[in-house]
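Counting in the numbering used here, the sequence shown runs without a single skipped number right up to 572 at its last residue.
To keep things clear, I will list the structure first and then write my remarks on it.
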Amino acid sequence: MKRWTGRIALMVWLLAAVMLLAGASPVFAEAAAGFYVRQNGNGRVNAQMNVIVLPGIGPVISVSVCDYQGSEEMMPEDWQSRPVIRLGGTIQAMQAGYGARFVIGSRTIPRPDGTAVAEPLPIRGLPSVEAVMEPRRIILKSNRNGQSDLDVAGVYEFAGLTPSPDAYKAFALLEWLPRKDTGFNPWTEDCRYEFRDLNGQEFSTSDIYPSLGTDVCGYEIKVFNQADGNLRAAFVVPYFLEAVYRVTPDGQAAVIYRAGEPKG
């Protein structure tokens, strides 16, 4: 992904400009895009949150939670050796306050050989929690209704301007879009999902979907029927969620969402 570093930085700046021109909903004025961390009682990070604020939608978030209560700083390899819950969703206005609504998740289980396996979490078992948004801080309230055994609750403090891209935020945006545009409903249909970063070392988005050209770098999301394995739909979502493209096996792409444009 090194060859995309400069382009990604430019995309972040352009997305910020779009948000200023389009005007993100004042309901979410308190939430700043960026990278947030939660600390344990010993002052060590044991959870991370990445936030992109989209005009007309609000904060799209991903959270990684590790039940670490130690006093030593966790290294990247430590995250690989412990169970980790990863979730993606949005923060939305509720009748009273705000709520974090998660729509995709997995539990990563470490193996004795040093590898790990990610087990999908059923969408209906994912937590929905109360959220409090403050300048440079997002607080998720405790909720025991979710299937996750690692609680996402806590105070997430702002730690950096640039959120890390990930496929779970991309899926959260996809789930938010009208069903007539996506062609599937994860809440009522039994589906399986495959994610692929299209900008690896051996290929780029334009190699697979020529109609998107060379300026789109992001994730491919494929939706399959769980029962028969047939492909239902496929999408490309850029890293910073400025658009969603519905794509076909022959490489064609049609835009179904652009940041700042009305939903549906």
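The C-beta atom is built at its ideal place from N, Cα and C for all residues, glycine as well.
If we ignore side chains and look at the alpha-carbon of each, how far apart do residue i and residue j end up?
| i | j | result |
| --- | --- | --- |
| Thr490 | Met441 | 30 Å |
| Gly405 | Ala567 | 24 Å |
| Arg432 | Asn493 | 13 Å |
| Thr379 | Ala551 | The amino acid at residue 379 is misidentified as Thr; the sequence shows Ser. Looking at the two C-alpha atoms, the distance is approximately 41 Å. |
| Gly521 | Val531 | 23 Å |
| Lys277 | Glu483 | Residue numbering for the chain in the displayed model covers 309 to 572; residue 277 lies beyond these limits and cannot be assessed. |
| Asp459 | Asp558 | 43 Å |
| Thr513 | Gln377 | 41 Å |
| Asp421 | Asp375 | 21 Å |
| Glu569 | Gly349 | 43 Å |
| Pro471 | Cys525 | 15 Å |
| Trp495 | Ala467 | 33 Å |
| Asp536 | Glu385 | 37 Å |
Residues in the same chain with beta-carbon distance under 8 Å from residue i, minus the five sequence neighbours each way, listed in chain order, please.
| i | result |
| --- | --- |
| Pro418 | Gln388, Ser389, Arg390, Pro391 and Ala424 |
Could you spell out the range, first to last residue, of the alpha helix (DSSP H) harbouring residue i?
| i | result |
| --- | --- |
| Asp489 | Arg487 to Thr490 |
| Pro384 | Pro384 to Gln388 |
| Thr398 | Per DSSP, Thr398 belongs to no alpha helix (DSSP H); it is in the beta strand (DSSP E), Val392 to Ala401. |
| Phe479 | Ala475 to Trp484 |
| Ser414 | First-last for Ser414: Tyr406 to Pro418, but that is the beta strand (DSSP E), not the alpha helix (DSSP H). |
| Ile431 | From DSSP, Ile431 is part of no alpha helix (DSSP H); its letter is neither H nor E. |
| Ser512 | Note, Ser512: premise wrong, no alpha helix (DSSP H); not H, not E. |
Among residues of its own chain, excluding the 5 on either side of residue i, which ones have a beta-carbon nearer than 6 Å to its beta-carbon?
| i | result |
| --- | --- |
| Leu485 | Tyr565 |
| Tyr464 | Tyr344, Arg346, Met357 and Ile446 |
| Leu395 | Val371, Phe410 and Gly413 |
| Glu573 | There is simply no residue 573 to check, as the chain begins at 309 and stops at 572 in what is shown. |
| Val555 | Tyr517, Ala542, Val544 and Ala561 |
| Thr416 | Val392, Ala424 and Ala426 |
| Tyr553 | Val544, Ala561 and Val563 |
| Val373 | Ala355, Ile393, Leu458 and Val460 |
| Ala478 | Tyr527 and Val545 |
| Glu502 | Lys530 |
Please report the residue range of the beta strand (DSSP E) in which residue i lies.
| i | result |
| --- | --- |
| Ile369 | Gly366 to Cys374 |
| Thr496 | Thr496 -> no beta strand (DSSP E), and no H or E assigned at all. |
| Leu448 | Arg445 to Leu448 |
| Asn358 | Val353 to Leu362 |
| Tyr344 | Gly342 to Gln347 |
| Gly468 | Gly462 to Gly468 |
Rank the options by C-alpha distance to the C-alpha of residue i and give the top, closest one.
| i | options | result |
| --- | --- | --- |
| Pro428 | Lys488, Arg504, Gly413 and Val373 | Gly413 |
| Met402 | Gly366, Gly433, Pro420 and Pro430 | Gly366 |
| Ile369 | Tyr376, Pro384, Ser436 and Pro420 | Ser436 |
| Arg409 | Pro443, Tyr476, Asn350 and Ala551 | Tyr476 |
| Asp523 | Pro546, Gln534 and Asp375 | Pro546 |
| Ala340 | Met382, Arg444 and Asp515 | Arg444 |
| Glu497 | Gly462, Ala467, Pro430 and Gly351 | Pro430 |
| Ile399 | Ala467, Ala439, Cys525 and Asp386 | Ala439 |
Short of 7 Å in beta carbon distance, which residues of its chain neighbour residue i, apart from the five on each side in sequence? Order them along the chain.
| i | result |
| --- | --- |
| Ala332 | The predicted position of Ala332 is uncertain, since its pLDDT is 41 and thus under 50; no value can be drawn from it. |
| Leu469 | Gly342 |
| Leu539 | Lys530 and Phe532 |
| Gly462 | Arg346, Ala355 and Leu448 |
Assuming residue i and residue j make a contact with CB atoms under 8 Å, what is their CB distance in whole Å?
| i | j | result |
| --- | --- | --- |
| Arg500 | Gln534 | 5 Å |
| Ala480 | Gly397 | 5 Å |
| Met383 | Val353 | In fact, because the Cβ distance is near 11 Å, the residues do not count as touching under 8 Å. |
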